[in-house]
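Residue numbers (UniProt numbering), protein chains in the order written: chain F, 1 to 218; chain U, 1 to 218; chain A, 1 to 218; chain X, 1 to 218. Quick notes on the structure that follows.
There are 4 protein chains.
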Amino acid sequence: MTKDFNDLLQLLEEDEQKKTPKQAQILKAAVEIFAEKGYASSSTSEIAARAGVAEGTIFRHYKTKKDLLISIVTPVMVKFTLPIFASHFTNQVFEEHPDNFEEFLSNIMKNRYNFVKENRPLVQIMLQEMAFHEELKEQFQKVFIEEVYPRFDRVIHHYKKEDKLVDFPAPSIIRMVMTTMIGFILTRFIISPQLDWDDEKEMERTIHFIMHGLSPKT
Amino acid sequence: MTKDFNDLLQLLEEDEQKKTPKQAQILKAAVEIFAEKGYASSSTSEIAARAGVAEGTIFRHYKTKKDLLISIVTPVMVKFTLPIFASHFTNQVFEEHPDNFEEFLSNIMKNRYNFVKENRPLVQIMLQEMAFHEELKEQFQKVFIEEVYPRFDRVIHHYKKEDKLVDFPAPSIIRMVMTTMIGFILTRFIISPQLDWDDEKEMERTIHFIMHGLSPKT
Amino acid sequence: MTKDFNDLLQLLEEDEQKKTPKQAQILKAAVEIFAEKGYASSSTSEIAARAGVAEGTIFRHYKTKKDLLISIVTPVMVKFTLPIFASHFTNQVFEEHPDNFEEFLSNIMKNRYNFVKENRPLVQIMLQEMAFHEELKEQFQKVFIEEVYPRFDRVIHHYKKEDKLVDFPAPSIIRMVMTTMIGFILTRFIISPQLDWDDEKEMERTIHFIMHGLSPKT
Amino acid sequence: MTKDFNDLLQLLEEDEQKKTPKQAQILKAAVEIFAEKGYASSSTSEIAARAGVAEGTIFRHYKTKKDLLISIVTPVMVKFTLPIFASHFTNQVFEEHPDNFEEFLSNIMKNRYNFVKENRPLVQIMLQEMAFHEELKEQFQKVFIEEVYPRFDRVIHHYKKEDKLVDFPAPSIIRMVMTTMIGFILTRFIISPQLDWDDEKEMERTIHFIMHGLSPKT
DNA sequence: CATGAATGAGGTTTCATTCAT
DNA sequence: GATGAATGAAACCTCATTCAT
C-alpha cells in the first residue's frame, strides 16, 4: 500500500538530483522571491539577478515563468499532503495500535510541523498561489481527494466504530482536525513566527484540544 | 464601552455614502477583479472597463492603484475584526449570562459567518493581500492587538477563573478558537463553497468541538 | 515718433487692468510655475491649484494652455524690447546731446536692469520658451527688426559719422552692445543672483567696457 | 598640469567607443529631438521611432528618460568647459608668450567656435536644460568653479600685474570676456544662423572689442 | 548550454480639455 | 462665470520572451 507513495516520493527526490547547478540556483532564487512578493509581482529579471545567471538561462530550463512556478509548487503539494500517511511510523501506529488515536494525531502533527519548519517558503508559495491559479487548486484537490481523504476517512471510520470519536460526519471531523493543525502551523511559522513559542507544549495542547473536541458525547 | 466601536463603524458607513456613482462602480469592479486574480495581476484598464468608466477616472479618485487597494481593504479590516465584540448581543450575553461560554462563542461564529457570507470577495482580498503588503499586515495586527485581543483575553480570564475552561494560556485558547472558526468559515466560503453544506448543523458541531476541546480536564 | 510706442505700451497697461481677480491669480501662478519648471513641465492642474481656482476656470479665460503662455510672453516681449528707445529720457539724451554715447548706453542699461529686476520670472520665461516655440521666436524677431533695430541703427550711424565709434558694421556693433548688456543682466539676475553684487559699480564697468571696446581705432 | 584634463577627456572618448550601434542611434536621435523641442516635450516613443529601435530598447540602456538626458549633457559640459585651457596651444601661448593676451583670447575664441560649430545641438540642449534641472546647473557650476575659473583667474592676474589689463576685479573681467564670446557664438549658431556671416572677420572684431574694452585706462 | 541585447505588448499614471451643474 | 468630475490620448516604463552570438 505504501509503495505507490514511496514511488512518488522517490521520483521527486530523483528529480531533485537531476538539476544542474544553475537550475538549482534559479529555483532557490525563485522560491525566495516568490515567497516574498508573490508570483505576479516577481520579475524574471530579478530572479535571474539573484540566481546569478542570465535572464535567458531561466527560459532554457523553464519554458515560461508560469512553468517555473509549477515546477516549484507541484512537488511541494505532493510532499506536503502525501506524507501525512506515508511515514512508516504513522502507518505502523495505526496498524499496530489501532486504539491510539492520540498518538496517530500527534504523529501527523509533528511530522507536518517539521516539514513546514524546513520548507516554510515553499509552503507559503503553495498556499498563496493556489488562490490565483485554478490549475494549482485543482491539482491540490486531486491529490487530496485521491490520496489523503480516503485514508483519513478510513481511519476516522475505524475509530468511530470503536466509539472513540464523536458522531460527526467524517468530512466534518477531518476538517476540524486539519484546520486546527494547519491553524497552529501557520500561526507558528507564517503569521506570528516572531513570538516566543514553546513548540512542544503548544503541540501537546493542540492535540489535547482536538482529542477532547472530538471525544464522544457522554 | 461599545460606543467607540459604533462610532468607528458609523464613520465607515457614512464614508460609504459619500461616494459618487462612478466611484462606487470602480470599487465594485475592483473588488470583483482583485478577488478573482489578485491585486498584482489585475490591471487598472480591466477595472475601468468592468466599471464602465475611463481609465483616467480611477486615478481621479484614487491617486494610485495601491491606493485603491488600501481603500478597499482598510474598512474590511475594521469591519471584520472589530464587531467580534461590538454586537450588542455578544456583549449582552457576556454581561448578563457570564457563565454561558457556549452562547458567547455561538454568537461570534454566526456573526462572522454572516459577515463573510455577505462580503466574501472583500475578505478574500484582505487575506490574500496581507501576505504581500507589509502595511496591511501591520494595520491588521494593530487592530487585532489593540481592539480584539484585550477583550478576548478578558473573557477568557473570566471563564478560566470560574473553572469553565481548560488551563491553557489565554493566547493558546484564543488561537484555537479563532483558527477553528476561521477554518470553518474559509472552508465553507472560499475553499469548498461548491459542497452541499448544512450550515446550521456544521456551526453547531464546530462550537461543540471548541467547547469540548477547551473543557477543563476532569 | 514716440507716440506709437506709448500707444502700444498704454494698450498693454489697459489690458492689464481689465483682468478679473481670478484671471490675475491664474497669471501670477502660471508665471511662477512656468519660470520654475518650464512651460512643458508645468501642468494646468498645478497652476489652478496655486491660483486657487478650479482647473476649468483656466480654460474659460485661455482657450488652451499655449494660449496662456502666449498671453504671458507677448506683452513681455513688447515691454522688454520696445522701451529701449521709448523712455523720454533716452530719446531726450539722444536728441539733445547727440554726442554723448556713453550716457545713451548708460540709460539703456539702467532702464533694462530695472525692468528685469522687477520682472525676472517673466523675462526668464520669454527667453526659455523662445527656444521651443517658433511663433515666439518670430514674434520677437518681428518686434526687434521693425522697432528696435532701425532705431538702434540710426543711432549707430549718427555716432559713426561723428567718428565716435569704431568702424564696424552696425549689426556687429549692435550685437556687441546687446550681448554685453544682456550678458550682465542675465548673470546678475538669473545665472548668479546669489552673489554679492555692487550693481552701480558693475554697470559702470560694463559701460566702460563697451565704450572702450567700441572706441575708434587711434 | 594638463594631464588630468587629458585623462578626463580620454575617458570620455573611450566611453564613446563602448556604445553598441543601437545605443549610438538612440543617442543621435535623442540629441536631435531634445535640441528641437526640448527635453520635456520630447517623447521616448518619438526618439525610439527616429532611432529605429523599439521603445523598450531605450530603457535597457538608460534606466529613465532623465538618465538619457544626463548621459547626453554631462560629457558636453566637460567638453565644453574644460578644453578652454586644455589645448596644448592655449597653454603654450600663455606659457611662451605671456605678453600676448590677444592671441590667448583669439585662441579660446576659435577653439570654442569650432566646438560649437560641430556640436551645436549638444550645446543647445545643455544650455536649455540647465534652466530646468538643478542638478545640471550644479554640475556645470562645479566644473566651472573648480576647473575653469581658477585658471582664468591666474591668467587675468598675470596680465593685470603687467598692466596689460584694466583694473577691474577678475570676476568682472571674466564675465565680460565670456559673455562677449558666448554672445557671439550663440548669435552665430543658435539665434541667427541663417544670416550671412563672415566668421573670420567677426571673430576678429569681437576680439578687438574685448581687447579695447579691457585695455587699461590711459 | 549560456548569454544578454532586443523586442513590443501592456502596465500605471499624467494631463489638457470638455461639459453638465 | 465658476466648478470639478470625467475623459482618453499619450506619456514613461516594465517585463516575459526570443534569438543571434
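All C-beta atoms in this analysis are idealised placements derived from N, C-alpha and C, irrespective of residue type, glycine included.
{"Query": "Run the CB neighbour count on P193 of chain U, radius 10 Å, all protein chains shown included, and call it buried at 16 or more, exposed below.", "Result": "exposed"}
{"Query": "Using a Cβ-Cβ cutoff of 7 Å, what residues of the segment 32–46 of chain X are near chain A? List them in chain order.", "Result": "K37, G38, A40, S41"}
{"Query": "Can you say whether E134 of chain F is buried or exposed, counting buried as having 16 or more other CB atoms within 10 angstroms of its CB?", "Result": "exposed"}
{"Query": "If you check the beta carbons only, do S106 of chain U and L165 of chain U fall under 9 Å apart?", "Result": "no"}
{"Query": "Between the Cα of Y113 of chain U and the Cα atoms of U:I84, U:S71, U:H158, U:L69, which residue gives the shortest distance?", "Result": "U:I84"}
{"Query": "For a quick check, are the C-beta atoms of L195 of chain X and L127 of chain X less than 9 Å apart?", "Result": "no"}
{"Query": "Got a sec: which bits of the segment 131–146 of chain A sit with their beta carbon under 8 Å from any beta carbon on chain X, in order along the chain?", "Result": "A131, F132"}
{"Query": "Any beta carbon of chain X sitting closer than 9 Å to that of F115 of chain A?", "Result": "no"}
{"Query": "By the DSSP assignment, the alpha helix (DSSP H) with V31 of chain F in it spans what residues?", "Result": "21–37"}
{"Query": "Can you find a CB in chain U that lies within less than 9 Å of the CB of S106 of chain F?", "Result": "no"}
{"Query": "To the nearest angstrom, how far is the alpha carbon of I173 of chain U from that of I156 of chain U?", "Result": "8 Å"}
{"Query": "Apart from the five residues just before and just after H61 of chain F, which ones in its own chain have a Cβ nearer than 6 Å to its Cβ?", "Result": "Q23"}
{"Query": "When burial is assigned at 16 or more other CB atoms within 10 Å of the CB, is I145 of chain F buried or exposed?", "Result": "exposed"}
{"Query": "Would you mind telling me which residues of chain X sit closer than 9 Å to residue 226 of chain A, beta carbon to beta carbon, in chain order?", "Result": "Any property of residue 226 of chain A remains undetermined from this structure, which presents chain A solely from 1 to 218."}
{"Query": "Would you say F209 of chain U reaches chain F, if we count a Cβ-Cβ gap shorter than 9 Å as a contact?", "Result": "yes"}
{"Query": "Roughly how far, in whole angstroms, is the beta-carbon of T179 of chain U from the beta-carbon of F209 of chain U, given that I think they are within contact range, below 8 Å?", "Result": "Not quite, the Cβ-Cβ distance comes to about 12 Å (not below 8 Å), so this is no contact."}
{"Query": "Among the candidates F:A29, F:I108, F:L136, F:S43, whose CA atom is the shortest distance from the CA of V76 of chain F?", "Result": "F:L136"}
{"Query": "To the nearest angstrom, how far is it from the Cα of Y39 of chain A to the Cα of F189 of chain X?", "Result": "24 Å"}
{"Query": "So, is T81 of chain X buried or exposed, given that buried needs 16 or more other C-beta atoms within 10 angstroms?", "Result": "buried"}
{"Query": "If Q69 of chain X and F104 of chain X are in contact, beta carbons under 8 Å, what's the gap, nearest whole angstrom?", "Result": "The amino acid at residue 69 of chain X is misidentified as Gln; the sequence shows Leu. With a Cβ gap of about 34 Å, L69 of chain X and F104 of chain X do not count as contacting."}
{"Query": "Beta-carbon separation of P57 of chain F and I108 of chain F under 9 Å?", "Result": "Per the sequence shown, residue 57 of chain F should be read as Thr rather than Pro. No, they are not a contact pair."}
{"Query": "Nearest to A170 of chain F by CA position, among F:K161, F:D153, F:I182, F:G183, is which residue?", "Result": "F:D153"}
{"Query": "Whose C-alpha, out of F:V73, F:T206, F:V116, is nearest the C-alpha of V143 of chain F?", "Result": "F:V73"}
{"Query": "Give me, in chain order, the residues of the same chain whose beta-carbon lies closer than 8 Å to that of Q124 of chain U; leave out the 5 immediate sequence neighbours on both sides.", "Result": "A35, I190"}
{"Query": "Comparing the C-beta of F59 of chain U with each C-beta of chain F, is any distance below 9 Å?", "Result": "no"}
{"Query": "F168 of chain F and R205 of chain U - do their beta-carbons sit closer together than 9 Å?", "Result": "yes"}
{"Query": "When the cut-off is 9 Å and only beta carbons count, does R120 of chain F lie next to chain U?", "Result": "no"}
{"Query": "Flag T179 of chain X as yes if its beta-carbon sits less than 9 Å from any beta-carbon of chain A, otherwise no.", "Result": "yes"}
{"Query": "Just the Cα atoms here: how many angstroms apart are Y159 of chain U and E102 of chain U?", "Result": "11 Å"}
{"Query": "Using a Cβ-Cβ cut-off of 9 Å, state whether K3 of chain U counts as contacting chain F.", "Result": "Model confidence at K3 of chain U stands at a pLDDT of 49, short of 50, so the residue's coordinates are unreliable; what they give is reported in the following sentence. Judged by the 9 Å Cβ criterion, K3 of chain U is not in contact with chain F."}
{"Query": "Pull up the CB-CB distance for P150 of chain A and V31 of chain A, whole angstroms please, since I reckon it's below 8 Å.", "Result": "So it is not a contact: roughly 31 Å between Cβ atoms."}
{"Query": "Closer than 6 Å by C-beta to P21 of chain U: which residues in its own chain qualify, once you throw out the five before and the five after it? Chain order, please.", "Result": "none"}
{"Query": "Using a C-beta cutoff of 9 Å, does I182 of chain X count as contacting chain A?", "Result": "yes"}
{"Query": "Going by CA-CA distance only, name the one from X:K63, X:E138, X:A29 that's closest to G52 of chain X.", "Result": "X:A29"}
{"Query": "Quick one: what does DSSP say S42 of chain U is sitting in, helix, strand or coil?", "Result": "coil"}
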